[in-house]
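Read left to right, the sequence shown gives residues 1 to 252 (UniProt numbering).
Everything below concerns the one structure shown next.
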Amino acid sequence: MKKKLTVFLFWGALMNAQNTPCTTNLGGDIDPGFITIRINNTTFNHDTFAVLTSFYHEYPASGQTTATLTAGQSYSLYTSTSSEAVIGLWMDYNNNGTFESNEFTPLVNSMNTQNTTTLNIPASLPSGALKIRFRTRAYGSSINGGNACSSFGSGETRDYTLTVVNNALSTQDIRKEAQLQYYPNPVNNIFYIENSIPIKTIRVFDLSGKLLISLQPEQKKTALDMSALPAGIYMIQTETASGKRNVKVQKK
Numbered sequence: 001m002k003k004k005l006t007v008f009l010f011w012g013a014l015m016n017a018q019n020t021p022c023t024t025n026l027g028g029d030i031d032p033g034f035i036t037i038r039i040n041n042t043t044f045n046h047d048t049f050a051v052l053t054s055f056y057h058e059y060p061a062s063g064q065t066t067a068t069l070t071a072g073q074s075y076s077l078y079t080s081t082s083s084e085a086v087i088g089l090w091m092d093y094n095n096n097g098t099f100e101s102n103e104f105t106p107l108v109n110s111m112n113t114q115n116t117t118t119l120n121i122p123a124s125l126p127s128g129a130l131k132i133r134f135r136t137r138a139y140g141s142s143i144n145g146g147n148a149c150s151s152f153g154s155g156e157t158r159d160y161t162l163t164v165v166n167n168a169l170s171t172q173d174i175r176k177e178a179q180l181q182y183y184p185n186p187v188n189n190i191f192y193i194e195n196s197i198p199i200k201t202i203r204v205f206d207l208s209g210k211l212l213i214s215l216q217p218e219q220k221k222t223a224l225d226m227s228a229l230p231a232g233i234y235m236i237q238t239e240t241a242s243g244k245r246n247v248k249v250q251k252k
C-alpha cells in the first residue's frame, strides 16, 4: 500500500508552526493574569511578575516550566492571579494536538487570588509528553470545556508540556509492548519499527510536543527516515489496532 507521508520540519520559515490548534485570536487582558503556577513537590514552579503585554504564551519543556508526573497520581496545584479569576485547565490526553471538551477540568472560581486545587493524572495515560493549557477569565465569567480556543475579553492563556511516566502496565500491556520493536536507539538516520500487526500511524514529536513527522505505513515494518532532524531527544508515537505506544529516541 502506498505510504502517505507528511513531514513538518520546524526550522526556517516553519519555525513558529504549532501543533496546538489555536494560539491566536484568544483575546485577553492584563487582568486576571497568572503570577504563579506551581505543581507542589515537583520542578514546576513558574513565577511571573511582569505586567502582561500579550495574553498568550507557550513555555518550553525545561526548568521550572515543566515536570515529570506519574500516571495515576494526584498533585497539589497552586495558582496565584493578579485579580479574582475563573481558571480552567485542558490536558491533551490523546495527544492529537486538540484541546477537547472531555479533556477539560475546572480549577478555580473564586474571589481569592491564591488557590490550591488538585491535579489528577489519569492512570490510563501512557508514558510520554503531555500538552496542557491554562486559561483565566475575570471572576463572574465562566470557562467550560468548549472554550479552549474562545476569544475572551479578559485573562490569559498559557501552554506547557509535561512528561508523564506510567510504571503500572498490565500483563496484557506488557505482552503487547513486547510485540513492538524499535531500533537502533540512539539512531543516526534510519529508525526501524516492527510489530506483529500492521502499524497504522507513526508520529514524531519534539519534547515541547510539536509534531515533526507523521506517517501512515499500514504495514508491519517501517523504516523511519530521521536524517533531516537535528540531534536531540524525540518522542515517537506508534498506533496499531492494539492502541498507542510512546518511546523516547535519541537522534545523534
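The C-beta atom is built at its ideal place from N, Cα and C for all residues, glycine as well.
In this structure proline 122 is not in contact with lysine 244, their Cβ atoms being roughly 14 Å apart against a cut-off of 8 Å. For glutamine 64, there is no enclosing alpha helix (DSSP H), as DSSP gives it neither H nor E.
A contact between stretches requires three or more CB pairs, one per stretch, nearer than 8 Å, and the region 59 to 69 fails this requirement with the region 101 to 110. Per the coordinates, the alpha-carbon of glutamine 73 lies some 10 Å from the alpha-carbon of asparagine 166. Within the DSSP secondary-structure output, proline 106 pairs in a beta bridge with Gly88. Boundaries for glutamine 219: no alpha helix (DSSP H) harbours it, while the beta strand (DSSP E) harbouring it runs 219 to 225, taken from the DSSP string.
The alpha carbon of glycine 140 has as its nearest neighbour, out of Met91, Cys149, Leu130 and Met111, the alpha carbon of Met111. Sixteen is the threshold: since fewer than 16 other Cβ atoms of the shown chains lie within 10 Å of the Cβ of glutamine 114, the residue is exposed.
The residue from Ile87, Ala50 and Asp159 with its alpha-carbon nearest to that of threonine 65 is Asp159. Shown here, glutamine 73 sits in coil according to DSSP, grouped into three states, outside any helix or strand. By alpha-carbon distance to threonine 163, the top candidate from Ser62, Ser154 and Asn40 is Ser62. In the three-state scheme derived from DSSP, where H, G and I count as helix and E and B as strand, glycine 28 is classed as coil.
Per the C-alpha coordinates, the member of Ile233, Gly209, Val187 and Asn195 positioned closest to serine 227 is Val187. Under DSSP, tyrosine 139 takes part in a beta bridge, and its partners are Ser141.
Excluding residues up to 5 positions away in sequence, Ser151 lie with their Cβ nearer than 7 Å to the Cβ of asparagine 25 in the same chain.
In this structure, threonine 238 lies away from isoleucine 190, with their beta-carbon atoms at least 8 Å apart. Excluding the 5 residues flanking it on each side, arginine 38 has same chain C-beta neighbours closer than 6 Å at Asn45 and Tyr78, in chain order. Inter-residue distance for glycine 27 and threonine 48 is about 20 Å (C-alpha atoms, whole angstroms).
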